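Here is the structure we will look at.
In the working numbering, the protein residues as written are 9 to 180.
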């Protein structure tokens, strides 16, 4: 387990690697606020950049930019994976139910759209299920959690194009 949490009382993210995976972590980058961690790992002579994000819930792209900088500093040109709570929707129809309008995180939305357009990283769920309507966040006001009327898809797994091309199964 690789974590960036400095305290038992604070937020944090972690990357858990199964014991059966024979690989070696060769670099680790962390932000200063327990919200982002990126590792560079070699498995069977293939190099991967694996990151986990718990993004802010205000209009910023700070952690997205930092994750990209970490991947670049570690010279990870392909095999990039960034998963976690992005706290943003990118499609006002498909990524939410029971809400209207846009999400207030316009800068993050624009960054994820730019990543998609230039092929840097793409949403693995949306690439596989073009019209999928899954949600990953249900507000506490929803008492019927098995069939909620409100929710948003805030969590995602972003992959570099080489991994999108080899993507077999995506479970949201």
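Every residue, glycine too, gets a C-beta built ideally from N, C-alpha and C.
Source: prediction; values computed, not measured.
Tell me the rounded alpha-carbon separation between residue 166 and residue 151.
Position 158 of the chain shown, counted from the start, is the residue given in the question as residue 166. Position 143 of the chain shown, counted from the start, is the residue given in the question as residue 151. Using only the alpha carbons, I get a separation of about 30 Å.
Do you know offhand how far residue 4's Cα is from residue 65's?
What is shown of the chain runs 9 to 180, which leaves residue 4 out entirely.
Element boundaries [beta strand (DSSP E), containing residue 48]
The residue labelled residue 48 in the question sits at position 40 within the chain shown. Segment 44-51, the beta strand (DSSP E) holding residue 48.
Does the region 81-93 come within contact of the region 49-65, defined as at least 3 CB pairs closer than 8 Å?
A contact exists between the region 81-93 and the region 49-65.
Going by Cα to Cα distance, which pick from 137, 128, 143, 61 is closest to residue 44?
Working through the chain shown from its first residue, we reach residue 44 at position 36. Selected option, being the one with the closest Cα: 61.
Residue 136: first and last residue of the uninterrupted alpha helix (DSSP H) it sits in
Translated into the one-based positions of the chain shown, residue 136 becomes position 128. It spans 132-136 - the alpha helix (DSSP H) in which residue 136 sits, taken as one unbroken run.
Beta-carbon separation (whole angstroms), residue 92 vs residue 21, contact threshold 8 Å:
In the chain shown, residue 92 corresponds to position 84, counting from 1. In the chain shown, residue 21 corresponds to position 13, counting from 1. Separation of the CB atoms of residue 92 and residue 21 is rounded to 6 Å, and the pair is thereby assigned contact status at 8 Å.
Residues near residue 30 by beta carbon distance below 8 Å, same chain, minus five either side:
Numbered from 1 along the chain shown, position 22 holds the residue referred to as residue 30. Excluding sequence neighbours, residue 30 sits near 51, 52.
Going by C-alpha to C-alpha distance, which of 121, 117, 96, 129 sits closest to residue 170?
Sequence index remark: in the chain shown, residue 170 carries index 162 (1-based). Sorting 121, 117, 96, 129 by C-alpha distance to the C-alpha of residue 170 places 129 at the top.
Buried/exposed call for residue 83, threshold 16 Cβ in 10 Å
For the purposes of this step, residue 83 is identified with residue 75 of the chain shown, where counting begins at 1. Residue 83 counts as exposed, since fewer than 16 other C-beta atoms from the protein chains shown sit within 10 angstroms of its C-beta.
According to DSSP, is residue 180 part of a helix, a strand, or is it coil?
The residue labelled residue 180 in the question sits at position 172 within the chain shown. In this predicted model, residue 180 has a pLDDT of only 45, less than 50, meaning its place in the structure is not dependable; the value taken from the coordinates is given anyway. In the three-state reduction of the DSSP assignment, residue 180 falls in the coil class.
DSSP three-state call for residue 104: helix, strand or coil?
Looking up residue 104 in the chain shown gives position 96. In the structure shown, residue 104 falls within a strand segment according to DSSP collapsed to helix, strand and coil.
First and last residue of the alpha helix (DSSP H) that includes residue 191?
Residue numbering for the chain in the displayed model covers 9 to 180; residue 191 lies beyond these limits and cannot be assessed.
Is the separation between the beta-carbon of residue 121 and that of residue 98 shorter than 8 Å?
Taking the first residue of the chain shown as 1, we reach residue 121 at position 113. Taking the first residue of the chain shown as 1, we reach residue 98 at position 90. In this structure, residue 98 lies closer than 8 Å to residue 121 by Cβ.
Out of 72, 25, 27, state which residue places its alpha-carbon closest to the alpha-carbon of residue 114.
Taking the first residue of the chain shown as position 1, residue 114 is located at position 106. Selection 72, 25, 27 evaluated against residue 114 yields 72 as nearest (Cα-Cα).
Residue 76 by DSSP, collapsed to three states: which one?
Taking the chain shown and counting its residues from 1, the one referred to as residue 76 is at position 68. Of the three classes helix, strand and coil, the one that applies to residue 76 here is helix, per DSSP.
Taking the alpha carbon of residue 137 as the reference point, which residue from 164, 23, 155, 149 has its own alpha carbon closest?
To locate residue 137, count along the chain shown from 1; it is residue 129. It is 164 whose Cα lies nearest to the Cα of residue 137.
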